[in-house]
Amino acid sequence: MDKMSQGAGTGAPPSGRGPIVGIDLGTTYSVVAVHLKGRVEILSNDSGSRTTPSVVGFLSGDNFVGEAARDLPPQSQVFDAKRLIGRPWKHVVNLACRKHWPFGVFDDCGVPRIKVKVDDREEEFAPEE
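Residues in the sequence shown are numbered consecutively from 49, following our numbering.
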């Protein structure tokens, strides 16, 4: 039996480890759920909501997620990263939504990278970061 199937359907995590966590990374909102003791529970974020805006923001050396990120200046925000993850540059370069992004996206050896303003400098990230 492989590790993926151990505990399947029993409500027990594989190999006696902690709970199983699932993330639905949506283009606009994301949801996090945990499978524990045979049940799946959708987790609430800091504001009590079970959905979190799929936005990350950067300011003064800190990273912000969700509503907190949306409150930052637009040039400090990254969103729509789901449209970039795992895609080659040739599929990203002509996305119509690019014209609405306050962050930059560029070709790095055939894969997209994100350039975002962090305070007075620019930083680069892979979309999955």
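Glycine residues also receive a C-beta, built at the ideal position from the N, C-alpha and C atoms.
Which residues in the same chain have their Cβ closer than 7 Å to the Cβ of residue 159, if we skip the five residues on either side of it in sequence?
-> As a position in the sequence shown, residue 159 is number 111, starting the count at 1. Excluding positions up to five away in sequence, the list reads 136 and 137.
Taking all protein chains shown into account, decide if residue 106 is buried (16 or more other Cβ within 10 angstroms of its Cβ) or exposed.
-> Within the sequence shown, the letter at position 58 stands for residue 106. Its Cβ being crowded by 16 or more others within 10 Å, residue 106 is buried.
Just how far apart, CA to CA, sit residue 129 and residue 118?
-> Sequence index remark: in the sequence shown, residue 129 carries index 81 (1-based). Sequence index remark: in the sequence shown, residue 118 carries index 70 (1-based). One C-alpha to the other measures close to 15 Å.
Report whether the distance from the Cβ of residue 149 to the nearest heavy atom of the ligand FAD is below 6 Å.
-> For the ligand FAD, the structure offers nothing, since it holds no ligand at all.
Is residue 140 helix, strand or coil when you go by DSSP?
-> In the sequence shown, counting from the first residue as 1, residue 140 sits at position 92. It is helical.
Output yes or no for whether 7 Å exceeds the beta carbon distance between residue 163 and residue 172.
-> Reading the sequence shown from its first residue, position 115 is the one you call residue 163. Reading the sequence shown from its first residue, position 124 is the one you call residue 172. Taking 7 Å as the Cβ cut-off, residue 163 and residue 172 qualify as a contacting pair.
Can you give me the Cβ contacts of residue 88 inside the same chain, cut-off strictly under 6 Å, excluding the 5 residues immediately before and after it?
-> On the sequence shown, residue 88 is found 40 positions in, with the first residue counted as 1. Here the set comprises 81.
Is DSSP giving residue 81 helix, strand or coil here?
-> Sequence index remark: in the sequence shown, residue 81 carries index 33 (1-based). Three-state result, residue 81: strand.
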